[in-house]
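**Q** Pasting in a structure now, in structure tokens, and then I'll have a few things to ask.
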Amino acid sequence: MTSALSIRSLNVRLGARDVLRDVSFDLQPGEFVGLLGPNGAGKSTLLKAVMGLIRREGDMSVFGRSLDGLSPSERARELSYLPQEREVNWPVSVRALIDLGRSPHRTGFTGPSTKDRNAVSAAIAAMDLEELQERSALELSGGERARVLIARALAQETPLLLTDEPAAGLDPAHQISLMSTFHGLAREGRTVLASLHELTLAGQWCDRVILIADGSIVAEGGPDAVLTPANLATVYGVRAQISVNSDGLSVVPTGLI
Amino acid sequence: MRVGVSYPLLLAGLGLLTAILFVGSLVTGPAGIAFFESLEALLTGRSGAASIVMQEIRLPRAILGVLIGASLGLSGAALQGYLRNPLAEPGLLGISASASLGAVLAIYTGLSAAFALALPLMALSGAFSAVLLVRLLAGGSAQAITLILAGVAVTSFAGAMTSLVLNLSPNPFAALEIVFWMLGSLKDRSMTHVWLALPFILVGWTMLFQVGRALDALTLGEAAAATLGFRLERVQALVVLGTAASVGAATSVAGAIGFIGLVVPHILRPFVGARPGRLLPASALGGAAVLLAADIAVRVIAPERDLKLGVLTALVGAPFFLWLIF
Numbered sequence: 001m002t003s004a005l006s007i008r009s010l011n012v013r014l015g016a017r018d019v020l021r022d023v024s025f026d027l028q029p030g031e032f033v034g035l036l037g038p039n040g041a042g043k044s045t046l047l048k049a050v051m052g053l054i055r056r057e058g059d060m061s062v063f064g065r066s067l068d069g070l071s072p073s074e075r076a077r078e079l080s081y082l083p084q085e086r087e088v089n090w091p092v093s094v095r096a097l098i099d100l101g102r103s104p105h106r107t108g109f110t111g112p113s114t115k116d117r118n119a120v121s122a123a124i125a126a127m128d129l130e131e132l133q134e135r136s137a138l139e140l141s142g143g144e145r146a147r148v149l150i151a152r153a154l155a156q157e158t159p160l161l162l163t164d165e166p167a168a169g170l171d172p173a174h175q176i177s178l179m180s181t182f183h184g185l186a187r188e189g190r191t192v193l194a195s196l197h198e199l200t201l202a203g204q205w206c207d208r209v210i211l212i213a214d215g216s217i218v219a220e221g222g223p224d225a226v227l228t229p230a231n232l233a234t235v236y237g238v239r240a241q242i243s244v245n246s247d248g249l250s251v252v253p254t255g256l257i
Numbered sequence: 001m002r003v004g005v006s007y008p009l010l011l012a013g014l015g016l017l018t019a020i021l022f023v024g025s026l027v028t029g030p031a032g033i034a035f036f037e038s039l040e041a042l043l044t045g046r047s048g049a050a051s052i053v054m055q056e057i058r059l060p061r062a063i064l065g066v067l068i069g070a071s072l073g074l075s076g077a078a079l080q081g082y083l084r085n086p087l088a089e090p091g092l093l094g095i096s097a098s099a100s101l102g103a104v105l106a107i108y109t110g111l112s113a114a115f116a117l118a119l120p121l122m123a124l125s126g127a128f129s130a131v132l133l134v135r136l137l138a139g140g141s142a143q144a145i146t147l148i149l150a151g152v153a154v155t156s157f158a159g160a161m162t163s164l165v166l167n168l169s170p171n172p173f174a175a176l177e178i179v180f181w182m183l184g185s186l187k188d189r190s191m192t193h194v195w196l197a198l199p200f201i202l203v204g205w206t207m208l209f210q211v212g213r214a215l216d217a218l219t220l221g222e223a224a225a226a227t228l229g230f231r232l233e234r235v236q237a238l239v240v241l242g243t244a245a246s247v248g249a250a251t252s253v254a255g256a257i258g259f260i261g262l263v264v265p266h267i268l269r270p271f272v273g274a275r276p277g278r279l280l281p282a283s284a285l286g287g288a289a290v291l292l293a294a295d296i297a298v299r300v301i302a303p304e305r306d307l308k309l310g311v312l313t314a315l316v317g318a319p320f321f322l323w324l325i326f
């Protein structure tokens with residue numbers, strides 16, 4: 001089976017610093033993968049490198065096609081990206097903002113098609129934003145804005161979705177519904193890569209996790225195989241209570257080492 | 001703040017307003033020609049002196065009013081959208097200041113007295129040198145802040161050079177001519193000015209109107225816009241060159257006219273749901289309407305004193321802008 005995303009020997013230098021060193025991994029279609037690691041480990045850099053936002057070395061391909069061979073708009077129909085910075089500049093309506101996710105599917109000056117409208121409505125429903133859709137995007141709370149921007153990425157309807165700390169700032173209910181949305185997308189055959197700091201969310205919802213530290217992959221595999229006391233101690237420097245329940249793995253950091 | 005007006009209705013309304021003001025501009029002037037007589041003189045060309053006044057003085061003035069006002073409104077909206085900053089205006093990139101410098105040099109060296117088109121041509125070269133310099137200083141990077149800083153540097157340098165020319169001007173009359181030119185006016189322009197500015201202005205508009213959807217995407221920031229498939233280097237080039245061509249040509253025939261490019265997009269933003277792409281045509285029409293209205297006003301308020309257009313737009317624009325903010 002062709003990988004949805006294949007990364008080989010990815011290296012990124014920012015200034016004099018090697019931010020990513022020889023990173024290689026594959027994502028399969030239908031996988032929801034968590035990207036874990038402490039602050040500064042290189043998670044955001046990794047996502048930006050895949051999106052072509054920074055200079056990098058190494059080979060990357062989506063469904064067997066080299067990323068370098070894709071035009072920006074072709075890339076935008078394969079990959080959607082949610083930056084960590086939740087930037088919104090003008091007081092546009094929530095619906096208009098989410099509609100921007102349809103940009104790569106439009107040409108010229110044509111208005112939204114039925115497909116565009118349906119994609120936007122589905123994204124609004126998935127992120128529980130029906131009540132907010134006519135509001136100005138600048139008047140929302142931090143968590144609401146985060147959900148609007150996630151909905152924008154969902155509306156892009158790409159086979160691959162890369163999100164940078166999508167759960168940060170969301171209340172517990174919306175964190176769970178976000179994870180459930182990603183899980184649902186994966187069951188439909190789409191591929192989701194999300195950087196996360198919420199270890200329990202990763203433990204309960206991700207099919208697989210990739211743990212990175214200092215720009216290299218430390219461990220990769222099922223949550224129970226990666227989120228071990230030894231790995232958490234070396235990578236995060238924390239002790240944690242790890243328990244397995246019916247929902248999956250629960251990881252509660254309890255102290256520093 | 002958002003105002004519920006349908007977008008086609010808004011454009012139609014602004015278009016109608018511009019058309020009415022265009023006719024208003026045609027029938028306003030010191031020659032005291034009656035309304036229908038003036039339009040007849042314009043269209044038939046058989047009314048002797050009245051036809052000459054209409055076709056050679058008032059028509060180019062009204063046409064330039066539309067072209068220049070629309071260029072200022074459009075480029076102001078494009079720059080605000082591209083830089084994601086409501087304080088951006090066409091003068092920000094140093095284009096107006098450098099065009100003025102070119103014109104001032106033409107007056108100072110006496111070239112403009114030797115042949116009339118020297119002034120607009122040198123102003124145009126000033127505008128394009130500014131763009132080259134800004135692009136050189138900002139590099140190929142699409143970073144908005146670098147562009148602003150480069151623009152500020154070019155603006156202050158061109159301003160300093162203009163001051164130097166004023167400082168060295170041989171006599172008070174030359175200095176006065178320079179100062180008056182810089183205040184901005186559409187008085188005594190001919191169809192030659194229209195034909196000179198028109199190609200640059202049309203090229204500029206064509207470039208600026210292409211970036212609408214990219215500006216919409218930039219609402220989400222540069223990273224998100226890039227991953228939505230927009231080439232930001234291309235967008236920057238279109239915005240900068242489009243502004244240079246249209247505003248450079250506008251400044252070269254009319255002098256520096258401030259505040260329209262800043263205030264018009266600001267006024268109209270709530271009417272288009274703050275969407276930068278939709279603001280482009282609205283702001284172009286709005287700019288044309290405001291400039292025509294201002295140019296009618298200078299002729300009505302002080303027909304005998306030659307009140308300068310740039311003075312009026314700044315005089316009315318500044319307090320109005322304050323009122324908008326508070």
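Going line by line, the protein sequences match chains A and B.
Under our numbering, think of the first position of the first sequence as 1, with each following residue one higher.
Under our numbering, think of the first position of the second sequence as 1, with each following residue one higher.
We put the CB at the ideal spot given by N, CA and C, even for glycine.
All values reported here derive from a predicted model rather than from experimental measurement.
(1) I want to see whether chain A comes within less than 8 Å of residue 206 of chain B, judged by CB atoms only; does it?
(2) Report the option in B:279, B:307 and B:314 whose CA atom is closest to the CA atom of residue 6 of chain B.
(3) For residue 277 of chain B, which residues in the same chain have their Cβ closer than 6 Å to its Cβ, ignoring the five residues on either side in sequence?
(4) Just how far apart, CA to CA, sit residue 239 of chain A and residue 87 of chain B?
(5) With 9 Å as the C-beta to C-beta threshold (strictly closer), list the residues of the region 24-38 of chain A near chain B in chain order.
(6) Going straight from the alpha carbon of residue 234 of chain B to that of residue 206 of chain B, what length do you get?
(7) Let me know if residue 59 of chain A comes out buried or exposed under the rule of 16 or more other beta-carbons within 10 Å of its beta-carbon.
(8) Which residue from B:126, B:13, B:101 and B:300 puts its Cα closest to that of residue 161 of chain B?
(9) Below 8 Å, how does it come out for the region 91-111 of chain B and the region 177-197 of chain B: are there three or more Cβ pairs, yes or no?
(10) How many angstroms separate the CA atom of residue 328 of chain B from the CA atom of residue 72 of chain A?
(11) Of all Cβ atoms in chain B, is any one closer than 8 Å to the Cβ of residue 51 of chain A?
(12) In chain B, which residues lie with their C-beta within 9 Å of the C-beta of residue 80 of chain A?
(13) From the beta carbon of residue 92 of chain A, is the nearest beta carbon of chain B less than 8 Å away?
(14) Just to confirm, is the Cβ distance from residue 166 of chain B to residue 252 of chain B under 8 Å?
(15) Please give the ranges of any beta strand (DSSP E) in the region 17-88 of chain A, keeping only runs that are unbroken, at least 3 residues long and fully inside the region.
(16) Within 10 Å of its beta-carbon, does residue 89 of chain A have 16 or more other beta-carbons around it, so buried, or fewer, so exposed?
(17) I want to see whether chain A comes within less than 8 Å of residue 109 of chain B, judged by CB atoms only; does it?
(18) Assuming residue 213 of chain A is part of the beta strand (DSSP E), what are its boundary residues?
(19) Given residue 242 of chain A, which residues of its chain have a CB within under 6 Å of its CB, disregarding the five upstream and five downstream residues?
(20) Could you give the uninterrupted runs of the alpha helix (DSSP H) lying entirely in the region 91-155 of chain A, keeping only those of 4 residues or more?
(21) Just to confirm my understanding: we take residue 26 of chain B, look at its own chain, exclude 5 residues before and 5 after, and list those with CB closer than 8 Å. What are they?
(22) Within 10 Å of its beta-carbon, does residue 306 of chain B have 16 or more other beta-carbons around it, so buried, or fewer, so exposed?
(23) Is residue 159 of chain A close to chain B, meaning its C-beta is less than 8 Å from at least one C-beta of that chain?
(24) Taking Cβ-Cβ distances shorter than 7 Å, what residues in chain A pair up with residue 276 of chain B?
(25) Based on the DSSP output, what are the partners of residue 250 of chain A in its beta bridges?
(26) Helix, strand or coil: how does DSSP classify residue 11 of chain A here?
(27) Which residue spans inside the region 89-139 of chain B form an unbroken alpha helix (DSSP H) run of at least 4?
(28) Excluding the 5 residues flanking residue 133 of chain B on each side, which residues of the same chain have their C-beta closer than 6 Å to its C-beta?
(29) Decide yes or no for the touch test of the region 80-88 of chain A against the region 158-178 of chain A: beta carbon pairs closer than 8 Å, at least 3 of them.
(30) Distance cutoff 8 Å, beta carbons only. Does residue 195 of chain A sit that close to anything in chain B?
(31) Per DSSP, what are the beta-bridge partners of residue 220 of chain A in this structure?
(32) With DSSP collapsed to three states, give me the class of residue 238 of chain A.
(33) Does DSSP put residue 162 of chain A in a helix, a strand or coil?
(34) Starting from the C-beta of residue 4 of chain A, find all residues in its chain whose C-beta is less than 7 Å away, skip the five residues before and the five after it, and write them out in chain order.
(35) Counting only beta-carbon separations shorter than 8 Å, does residue 12 of chain B have a partner in chain A?
(36) Under DSSP, the beta strand (DSSP E) around residue 206 of chain B begins and ends at which residues?
**A** For this structure:
(1) Along the second sequence, read from residue 1 onward, the residue named residue 206 of chain B stands at position 206. It does not: the Cβ of residue 206 of chain B has no partner Cβ on chain A nearer than 8 Å.
(2) As a first step, residue 6 of chain B must be located in the second sequence, where it is residue number 6. The candidate whose alpha carbon is nearest that of residue 6 of chain B is B:279.
(3) Indexing the second sequence from 1 puts residue 277 of chain B at position 277. Only 212, 213, 215 and 216 meet the Cβ criterion.
(4) By 1-based counting over the first sequence, the position of residue 239 of chain A is 239. By 1-based counting over the second sequence, the position of residue 87 of chain B is 87. In a straight line, the C-alpha of residue 239 of chain A is about 51 Å away from that of residue 87 of chain B.
(5) none
(6) Here the question's residue 234 of chain B lines up with position 234 in the second sequence. Here the question's residue 206 of chain B lines up with position 206 in the second sequence. Their backbone Cα atoms lie some 14 Å apart in a straight line.
(7) Position 59 of the first sequence, counting from 1, holds the residue named residue 59 of chain A. When all chains shown are included, residue 59 of chain A counts as exposed.
(8) The sequence position of residue 161 of chain B within the second sequence is 161, counting from 1. Closest by alpha carbon: B:101.
(9) yes
(10) Any answer about residue 328 of chain B is impossible in this case: the structure gives chain B only from 1 up to 326.
(11) Reading the first sequence from its first residue, position 51 is the one you call residue 51 of chain A. Residue 51 of chain A counts as touching chain B.
(12) Indexing the first sequence from 1 puts residue 80 of chain A at position 80. Simply 227 and 228.
(13) As a position in the first sequence, residue 92 of chain A is number 92, starting the count at 1. Yes - at least one Cβ of chain B is within 8 Å of the one on residue 92 of chain A.
(14) By one-based count along the second sequence, residue 166 of chain B stands at place 166. By one-based count along the second sequence, residue 252 of chain B stands at place 252. No, they are not a contact pair.
(15) 17-27, 32-36, 57-62 and 79-82
(16) Numbered from its first residue, the first sequence carries residue 89 of chain A at position 89. Under this definition residue 89 of chain A is a buried residue.
(17) Start at 1 with the first residue of the second sequence, and residue 109 of chain B comes out as number 109. Answer no: the Cβ-Cβ gap between residue 109 of chain B and chain A never drops below 8 Å.
(18) Along the first sequence, one-based indexing puts residue 213 of chain A at 213. Start and end: 208-213.
(19) Start at 1 with the first residue of the first sequence, and residue 242 of chain A comes out as number 242. Correct list, in chain order: 251.
(20) 94-99, 114-126 and 142-155
(21) As a working note, residue 26 of chain B is residue 26 in the second sequence. The residues are 38, 39, 42, 54, 58, 59 and 62.
(22) For the purposes of this step, residue 306 of chain B is taken as residue 306 along the second sequence, with counting starting at 1. With fewer than 16 Cβ atoms within 10 Å of its Cβ, residue 306 of chain B is classed as exposed.
(23) Mapped onto the first sequence, residue 159 of chain A falls at position 159. Not closer than 8 Å to any Cβ of chain B, the Cβ of residue 159 of chain A fails to qualify, so no.
(24) Residue 276 of chain B sits at position 276 when you count from the first residue of the second sequence. Here the neighbours are 90.
(25) Sequence index remark: in the first sequence, residue 250 of chain A carries index 250 (1-based). Beta-bridge pairing links residue 250 of chain A to A:243.
(26) Counting from 1 along the first sequence, the entry for residue 11 of chain A is found at position 11. Residue 11 of chain A falls in the strand class under three-state DSSP.
(27) 95-108, 111-114 and 118-138
(28) In the second sequence, counting from the first residue as 1, residue 133 of chain B sits at position 133. Only 154 meet the Cβ criterion.
(29) yes
(30) Residue numbering aside, residue 195 of chain A sits at position 195 when the first sequence is read from its first letter. Closer than 8 Å: no.
(31) For the purposes of this step, residue 220 of chain A is identified with residue 220 of the first sequence, where counting begins at 1. DSSP output for residue 220 of chain A lists A:210 as bridge partner(s).
(32) Counted from its first residue, the first sequence places residue 238 of chain A at position 238. Note: residue 238 of chain A maps to strand in three-state DSSP.
(33) In the first sequence, counting from the first residue as 1, residue 162 of chain A sits at position 162. Looking at residue 162 of chain A - three-state DSSP - the assignment turns out to be strand.
(34) Along the first sequence, read from residue 1 onward, the residue named residue 4 of chain A stands at position 4. If we look at residue 4 of chain A and ignore the five residues flanking it on each side, its Cβ neighbours are 27, 28, 29, 62, 63, 159, 160 and 191.
(35) For this step, residue 12 of chain B is matched to residue 12 along the second sequence. Closer than 8 Å: no.
(36) Counting from one through the second sequence, the residue named residue 206 of chain B turns up at place 206. Here residue 206 of chain B belongs to no beta strand (DSSP E); instead the alpha helix (DSSP H) covers 191-209.
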